[in-house]
Structures are given as C-alpha cells and as structure tokens.
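Trainee: Per the numbering used here, the sequence shown starts with residue 152, numbered consecutively.
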Amino acid sequence: PDPSRRGDFARALHDIERSMVVVGSAEAAAEALSGDVDMMLLDLSLPDLDLPALRRALSSTLQEPDSLDAAERRHLALVLRHTAGNKRKAAHILGISRSTLLNKVRKYRLEAGR
C-alpha cells in the first residue's frame, strides 16, 4: 500500500465534496464501516486484509431499500431544491408534465424548493 496514492485519492474525493475517512489497515477499515458509509475505496493489496471478514462487515451494513414512494418523494425533493422551486424546470428535468409534478408535490406534501 502506497500512502501517497491514498493521499491522491483522498484529495480527489475531497474535490468532489465527499466526506471521507482515510485508513491504513484492514482493521481500521473494519472499524470505519461501523459508521455511515456510502462509498469505499479499498486497496486489495493490504497485507492483513481478511476478505471473508470484509464481506461479512459489508453485508451487515446494508440497509433495507426504501419503498418506491419514498424514493420518488426523495428524488422529487432533490430536483425541486436543485431548481430552487421552479416547477416548470423541475418537470422538464424529470421528463414529466408540470401538472403531473404538481400532483406529485401535493401527494407527497412537498413545498417548493424544499
């Protein structure tokens, strides 16, 4: 494992505004998995890497998927925030009519831009 490569990756991730924890061992990586992790970059050449233990740790951190309604609500809210509440623009991005968007905003009780 090359510490300078870890640093290069950490800087690249920082540039895309991802929070990160940089660790230098498999043991430290296992400890880091106990937190809220949505992406991992792993050096498979770590000398003490226990792949079966890593698989177990990863499978225990998986969350149950959201319902389709919850995913749709979350995505609609994201797009409305992105457009600062501009429903015409949001509907265009989503590929739906403005009236369909308005119906979904009412269904999910979303406020414009929030």
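C-beta atoms are modelled at their ideal positions from N, C-alpha and C, and glycine is treated no differently.
Does the distance from the CB of I244 to the CB of V230 come in under 8 Å?
Mentor: For I244 and V230, yes; Cβs fall inside 8 Å.
Trainee: Going by the beta-carbon positions, is the gap between L227 and L261 smaller than 8 Å?
Mentor: A contact, by the Cβ cut-off of 8 Å.
Trainee: Are L219 and K238 close, meaning C-beta to C-beta below 8 Å?
Mentor: No, Cβ-Cβ distance for L219 and K238 is not below 8 Å.
Trainee: Just curious, the alpha helix (DSSP H) that D220 is in, first and last residue?
Mentor: Per DSSP, D220 belongs to the alpha helix (DSSP H) from L219 to H233.
Trainee: In terms of alpha-carbon separation, which member of P198, D199 and A179 lies closest to M191?
Mentor: The shortest C-alpha separation from M191 is found at A179.
Trainee: How is V173 classed by DSSP in three states: helix, strand or coil?
Mentor: Correct three-state label for V173: coil.
Trainee: Quick one: what's got a C-beta closer than 6 Å to T234's C-beta in the same chain, skipping five residues either side?
Mentor: For T234, where only same-chain residues beyond five positions count, the Cβ hits under 6 Å are K240 and A241.
Trainee: Looking at the unbroken alpha helix (DSSP H) that takes in I244, where does it start and where does it end?
Mentor: K238 to L245 is the extent of the alpha helix (DSSP H) around I244.
Trainee: Out of curiosity, what's the CA-to-CA distance linking R232 and P198?
Mentor: R232 and P198: Cα-Cα distance of roughly 45 Å.
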